[in-house]
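Per my numbering, the very first residue in the sequence shown carries number 1; after that it's consecutive.
Notes follow the structure.
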Amino acid sequence: MSSSGLRCAPDEEYGRPEPCRCAPCSASRCSSFPIPLLIIVVIFLNYMPFVLWELERGRELAIVITLIIIFHLLLAFVALSWGWTSFTDPGVPPERWQRQMAATAVTSQVEFRICRKSGLYKPPRSHYCSVTKRLTLNMDHFCPWVVNTVGFYNRKFFLLFLIYTCLTLFYTLIATAPRLPAMFEWALELGEKGRWLPGIANAVVLVVMLVVDVILLALLVPFLVVHLRMAVKNQTTIDGDRFPQYDLGPRRNLQQVFGSSLAVWWLPLYFKGPDGDGVHWPCKPEVTVPASCSHGLECDQAPLTSIPPTEQAFEQ
1 MSSSGLRCAP DEEYGRPEPC RCAPCSASRC SSFPIPLLII VVIFLNYMPF
51 VLWELERGRE LAIVITLIII FHLLLAFVAL SWGWTSFTDP GVPPERWQRQ
101 MAATAVTSQV EFRICRKSGL YKPPRSHYCS VTKRLTLNMD HFCPWVVNTV
151 GFYNRKFFLL FLIYTCLTLF YTLIATAPRL PAMFEWALEL GEKGRWLPGI
201 ANAVVLVVML VVDVILLALL VPFLVVHLRM AVKNQTTIDG DRFPQYDLGP
251 RRNLQQVFGS SLAVWWLPLY FKGPDGDGVH WPCKPEVTVP ASCSHGLECD
301 QAPLTSIPPT EQAFEQ
């Protein structure tokens, strides 16, 4: 087999993103579903003191209502981002591309890599998810908090989910801080009047809200920084920095996550999808890679094969 190197395919050869599709349900995904219920608990812990109690307390209503409206807008972005991350198919190698590679393998002198577990031709940066049992394009990791694999087509929403969650937690703490002494005193009065929760339970809820929000921010902000840094450098959790040829600069790297239009990066909606198709990846012009990369196939040192996948593999 030929081992000659060549440059990655030019930009005009890259495919367009697929239409947005719903991620298929599976027993393995459903087994992780109880974990997102903790998100509802955190929302409830914040919603009760920040919204319901403040409205009942009735102090400075104009300011309170304004703060509550902003809170609901942020919460809506969190919910939308979570929903799109959870329900969007992260992407698998298209069947038409698989058949094209099978036909090319018959006559080509280039060795093509096949995923041993799925039996499919393996595009660069794709990995097999052991939870969903699928070969996923540009796989980053499986996240039980969204009950889905984070991959090429839903990575934008995962990052937005982290961003808006951190913003909502930070906003709640900042907006609560000036009124915290009065809120704590009022929470104790609620218990004495037998409203909401008995005894000091209302005050305990307020304290737990603050502690949980601070802990979550302390955990999520570094996590968000790491994932944003990887997106800026065109890296993933699995690939790390092993493939510097894909680093095209911050703007082009982020377009492969958020899409080509900067105006809609902040919106948790699909629009035209990310820039590219998750199969063909542009490289730096000065970097040479194995010939198989020009066909959209893996370029690392893993075992290669020229045996076409089975028909059963196409149907997965």
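Here a beta-carbon is modelled for each residue, glycine too, at the ideal position from N, C-alpha and C.
- Beta-carbon to beta-carbon, Pro93 and Leu45 are separated by about 42 Å, too far to satisfy the 8 Å threshold.
- Collapsing the DSSP output to three states places Ile69 in a helix.
- If you draw a 10 Å sphere on the C-beta of Thr237, you find fewer than 16 other C-beta atoms in it, and that means exposed.
- Within the same chain, Lys122, Tyr128 and Leu135 come within 7 Å of Cys115 by CB-CB distance, once the 5 residues on both sides are set aside.
- Only residues of its own chain outside the window of five on either side were considered, and among them Phe157, Leu160, Phe161, Tyr164 and Pro268 have a CB closer than 6 Å to the CB of Ser81, listed in chain order.
- The beta carbons of Leu75 and Thr176 sit about 15 Å from each other, so the pair does not count as a contact at 8 Å.
- The DSSP-derived three-state label of Leu262 is helix.
- Across the set Gly91, Pro181, Leu206 and Ala103, the C-alpha of Leu206 shows the shortest separation from the C-alpha of Val51.
- By DSSP's assignment, Leu135 forms a beta bridge with Tyr128.
- DSSP places Asn148 inside the beta strand (DSSP E), whose first and last residues are Asn148 to Val150.
- Ranking Asn148, Pro17, Glu189 and Val232 by CA distance to the CA of Ser31 puts Asn148 first.
- Apart from the 5 residues on each side of it in sequence, Ile39 sits with its Cβ closer than 8 Å to the Cβ of Trp82 and Trp145 in its chain, given in chain order.
- The beta carbon of Trp266 is closer than 8 Å to those of Leu160 in its chain, skipping five residues each way along the sequence.
- Take the alpha-carbon of Lys133 and the one of Ala182: they are about 53 Å apart.
- The beta carbon of Leu190 lies closer than 6 Å to those of Trp196 and Asn202 in the same chain, with the five residues before and after it left out.
- Across the structure, Ala23 and Gly199 are spaced so that their CA atoms are roughly 46 Å apart.
- For Cys166, the enclosing alpha helix (DSSP H) starts and ends at Arg155 to Thr176.
- Per the coordinates, the alpha-carbon of Asp241 lies some 6 Å from the alpha-carbon of Gln235.
- In the three-state DSSP reduction, Cys115 falls in the coil class, being neither helix nor strand.
- Contact between Val150 and Pro90 holds, since their C-beta atoms are separated by about 6 Å, short of 8 Å.
- By the Cβ-count criterion, Leu254 is buried, with 16 or more other Cβ atoms from all chains shown falling within 10 Å of its own Cβ.
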